[in-house]
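**Q** What the sequence shown shows, in the UniProt record's numbering, is residues 1 to 492, in sequence order.
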Amino acid sequence: MDGQQVRRVVIAGGGTAGWCAAAALSRMLGPLLDITLVESDDIGIVGVGEATIPTVRTFHNFLNINERDFLRATNGTFKLGIAFENWGRPGDRYMHSFGTVGRSTWVAPFHHVWMQAKSEGYGGKLGDYCLELQAAEAGKFQTSDQGGLNYAYHFDAGLYGQFLRKISEQSGVRRIEGKISRVEQHPESGFIHALHLESGEVVEGDLFIDCTGFRGLLIEETLKTGYEDWTHWLPMNRAVAVQTQAQGPIQPYTRAITHDAGWRWRIPLQNRVGNGLVYSSEYLSDDAARDQLLGSLDAPRLTEPRLIRFVTGRRLKTWNKNCLTLGLSSGFIEPLESTSIHLFQIGVTRLIQLFPFNGISDALANHFNKLASDELDMVRDFVILHYKATQRDDSPFWRDRRAMSIPDSLAHRIQVFEENAVAWQASGELFRIDSWLQVMLGQGLQPRGWHHLGRMIKRAQAEKFLSDMSSGIDRAVAGMATHESFLRQYLG
1 MDGQQVRRVV
11 IAGGGTAGWC
21 AAAALSRMLG
31 PLLDITLVES
41 DDIGIVGVGE
51 ATIPTVRTFH
61 NFLNINERDF
71 LRATNGTFKL
81 GIAFENWGRP
91 GDRYMHSFGT
101 VGRSTWVAPF
111 HHVWMQAKSE
121 GYGGKLGDYC
131 LELQAAEAGK
141 FQTSDQGGLN
151 YAYHFDAGLY
161 GQFLRKISEQ
171 SGVRRIEGKI
181 SRVEQHPESG
191 FIHALHLESG
201 EVVEGDLFID
211 CTGFRGLLIE
221 ETLKTGYEDW
231 THWLPMNRAV
241 AVQTQAQGPI
251 QPYTRAITHD
261 AGWRWRIPLQ
271 NRVGNGLVYS
281 SEYLSDDAAR
291 DQLLGSLDAP
301 RLTEPRLIRF
311 VTGRRLKTWN
321 KNCLTLGLSS
331 GFIEPLESTS
341 IHLFQIGVTR
351 LIQLFPFNGI
361 SDALANHFNK
371 LASDELDMVR
381 DFVILHYKAT
391 QRDDSPFWRD
401 RRAMSIPDSL
411 AHRIQVFEEN
421 AVAWQASGEL
431 FRIDSWLQVM
441 LGQGLQPRGW
451 HHLGRMIKRA
461 QAEKFLSDMS
471 SGIDRAVAGM
481 ATHESFLRQY
491 LG
């Protein structure tokens, strides 16, 4: 299709991924494209992606989405980070917040000065110097047009899809109800030509976006793209999810709590709480996982437990021929660190930037695939870190995680941090230095050395600098409303 004009875009599948793609393409390139989305009401969506990271706000700004309208429509709440419980060892707890820790210089990040102070017997906890972390722990929140806290959201994924559908259809997207019975390919090139529906309708296109979930109807069943399995690093392959009544204050963070064969989540929305247990079937049966999840609930349940099966890994190509895959059809790392929604939102953003108006070429697809692959490798490493860097030896699952081999790229990061407290954000990487730092220290990695910039500062001056910073954060948090009361006032 090199040189052939690409105008007709067909999205196979709705859900969060499909309607994100439709909303973004129609808002940004609508007059240039003819966009059709095919989905069936008879096919359910996975819909457990209820937690996000701050990049979702950039995506919403990109689409000119009003925050209040979005939160009202999706029962959304604010999220300042993730509380990790029992990950380093039983009884441990740390917060991976979305904030910046301290004030850094070009010479060295703030944590090196803090480590020098700790070695001399003062300085407190690293979290004392992060506004978002302290606000999360206090259950506080505020926002303003002038900026302030760095935050993300919790929301109902099903309602989010409906919200984006409305935006998409207002921007000219055509939705066709129906099940796909056959995918027609060009006999010579193998490019996808059309989707045949059970109704007999035929939907032709120039570019197809596969949002059909784990099935991967276009990218895998049709194009046989192949899958890179990451089970040896991330053995989770099951999740059981259930919703419960809201109970107690709505906290502005996700909880990730370990168990003997994995972990469970707790995500607070305005009207309910999302709960799920993630595990490996090699270490825990489905029945035992269901019983364990139900036994952990602290409020009456609203739904029956739902089992979700998956294989961690990714398609060998995100873009193959004239098909791009977004969402679960492209692969799945796992729910930890809430990256799923970001990955398909950044995927459609890249598509907009690299849209093949002048025809689909191998060079353009390869470039797209390289960007997607590099970012996913770094996200994968960040998630593996939580399992590898643990002192837990209380169950076979955790002993195996400690002993497992890891990607060389992650082994290098850990070694450099343990030797010199050096953490970094690579070009194109999602997670910042502050994220790597909070998780590495929280999981129990203790650097043997650090940059000695702090020795250049007189102790009295350093103590005042650190004290003033933490006191300023304490005052700011004290002046905030509780998260729940802020939500009520903000949403009217």
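Each residue gets a CB set at the ideal place from its N, CA and C atoms; glycine is no exception.
1. Tell me whether I143 sits in a helix, a strand or coil according to DSSP, three-state version.
2. Cα-Cα, which of L223, L336, V242 is closest to R255?
3. Taking just the CA atoms, how far does E418 sit from Q446?
4. Less than 9 Å separating the beta-carbons of W19 and L164?
5. If contact is defined by three or more beta carbon pairs under 8 Å, each pair taking one atom from either stretch, is the segment 4-14 in contact with the segment 204-222?
6. Run the CB neighbour count on H386, radius 10 Å, all protein chains shown included, and call it buried at 16 or more, exposed below.
7. Based on Cα-Cα distance, which residue from G313, I53, S471, C323 lies nearest to S189?
8. Apart from the five residues just before and just after T77, which ones in its own chain have a Cβ nearer than 8 Å to its Cβ?
9. Whole angstroms are fine: how far does the CA of G102 sit from the CA of N64?
10. When you measure from the CB of L63 to every non-hydrogen atom of the ligand COA, does any distance come out below 8 Å?
11. Is it buried or exposed, S168, if we count other Cβ atoms within 10 angstroms and call 16 or more buried?
12. Could you pull out every residue in the same chain whose Cβ sits closer than 8 Å to the Cβ of P54, ignoring the five residues on either side in sequence?
13. Please confirm if the segment 380-397 is in contact with the segment 346-353, defined as three or more CB-CB distances below 8 Å between the two stretches.
14. Is the segment 113-120 touching the segment 448-457 in the sense that three or more CB pairs, one from each, lie closer than 8 Å?
15. Can you give me the Cβ contacts of V416 inside the same chain, cut-off strictly under 7 Å, excluding the 5 residues immediately before and after it?
16. Helix, strand or coil for residue 493 per DSSP?
17. Count the other CB atoms within 10 Å of the CB of R401; is the residue buried (16 or more) or exposed (fewer)?
18. Output the distance between the C-alpha atoms of V10 and A23, rounded to the nearest integer angstrom.
19. Compare the C-alpha of E137 against each of S144, T143, D128 and name the closest.
20. For a test of the three-state rule: what should DSSP assign to D287, helix, strand or coil?
21. Do the segment 274-286 and the segment 236-246 touch if we need at least three Cβ pairs shorter than 8 Å?
22. Below 8 Å on the Cβ atoms is my contact criterion, and I expect T222 with A299 to pass it. Report the Cβ-Cβ distance as a whole number of Å.
23. Would you mind working out which of W233, W436, L297, A288 sits nearest Q247, comparing C-alpha positions?
24. Straight-line CA distance for F214 to L328?
25. Among the residues of its own chain, which have a CB less than 8 Å from the CB of K388, if the five just before and after it don't count?
26. Ordered along the chain, which non-local residues of its own chain (more than five positions away) have a Cβ less than 7 Å from that of Q142?
27. Please state whether the Cβ-Cβ distance between L343 and E304 is less than 9 Å.
28. Buried or exposed, going by whether 16 or more other CB atoms sit within 10 Å of the CB of T105?
29. At 4 residues or longer, and completely inside the segment 15-56: list those alpha helix (DSSP H) runs for me, N to C.
30. Going by other Cβ atoms of all chains shown within 10 Å of its Cβ, with 16 needed for buried, is H111 buried or exposed?
31. Would you identify the three-state DSSP class for D86, choosing helix, strand or coil?
32. Between R315 and T225, how many whole angstroms is the CB-CB distance? I'm expecting something under 8 Å.
33. Thinking just about the alpha-carbon of each residue, which of L364, G331, I384 is nearest to the one in A17?
34. When the distance is taken between beta carbons, is G30 closer than 9 Å to S171?
35. Compute the distance between the beta-carbons of L178 and L159, then report whether it is under 9 Å.
36. My output table needs one value for H193: the three-state DSSP class, helix, strand or coil.
**A** So, from the listed chains and residues:
1. It should be pointed out that residue 143 corresponds to Thr in this sequence rather than to Ile. When DSSP states are grouped into helix, strand and coil, T143 belongs to the coil group.
2. If we check each option's Cα against that of R255, L336 comes out closest.
3. In a straight line, the C-alpha of Q446 is about 6 Å away from that of E418.
4. Yes.
5. Yes, since at least three Cβ pairs between the segment 204-222 and the segment 4-14 fall closer than 8 Å, the two stretches touch.
6. By the neighbour-count rule (16 or more Cβ atoms within 10 Å), H386 is buried.
7. Of the candidates G313, I53, S471, C323, the one whose C-alpha sits nearest the C-alpha of S189 is C323.
8. Around T77: L71, Y153, H154, F155, I250, P252, P268, L269, Q270, H483, L487.
9. The straight-line gap from Cα to Cα measures roughly 32 Å.
10. The model on display carries no ligand, and the ligand COA is accordingly not part of it.
11. Counting every other CB atom within 10 Å of its CB across the protein chains shown gives S168 a total of 16 or more, marking it as buried.
12. Cβ neighbours of P54 within its own chain (closer than 8 Å, five residues either side excluded): F98, N150, Y151, A152.
13. They do not touch, by the three-pair rule.
14. The segment 448-457 vs the segment 113-120: in contact.
15. Only V422 meet the Cβ criterion.
16. Not covered by the structure: residue 493. The range shown for the chain is 1 to 492.
17. When all chains shown are included, R401 counts as buried.
18. So the alpha carbons of these two residues sit roughly 13 Å apart.
19. A check of alpha carbon separations from E137 across S144, T143, D128 identifies D128 as the nearest.
20. It is helical.
21. The segment 274-286 makes contact with the segment 236-246: 3 or more CB pairs, one atom from each, lie closer than 8 Å.
22. Incorrect: roughly 44 Å between the Cβ atoms, too far for contact.
23. When the alpha-carbon of Q247 is set against those of W233, W436, L297, A288, the nearest one is in L297.
24. Each residue's alpha carbon lies about 5 Å from the other.
25. R401, R402, M404, I406, L410, I414, listed in sequence order.
26. Same-chain partners within the cutoff: G148, L149, M480, A481, F486.
27. Cβ distance not < 9 Å, so L343 and E304 don't count as in contact.
28. Answer is exposed; the Cβ neighbour count stays below 16.
29. Runs of the alpha helix (DSSP H) inside the segment 15-56: 15-29.
30. Buried: at least 16 other Cβ atoms inside 10 Å.
31. It should be noted that the sequence gives Asn, not Asp, for residue 86. Coil, per DSSP.
32. With 8 Å as the limit, R315 and T225 qualify as a contact, their Cβ atoms being about 5 Å apart.
33. Measuring from the Cα of A17, the nearest candidate turns out to be G331.
34. At a Cβ-Cβ threshold of 9 Å, S171 and G30 count as neighbours.
35. The sequence shown places Gly at residue 178, rather than the Leu named in the question. No.
36. Note: H193 maps to strand in three-state DSSP.
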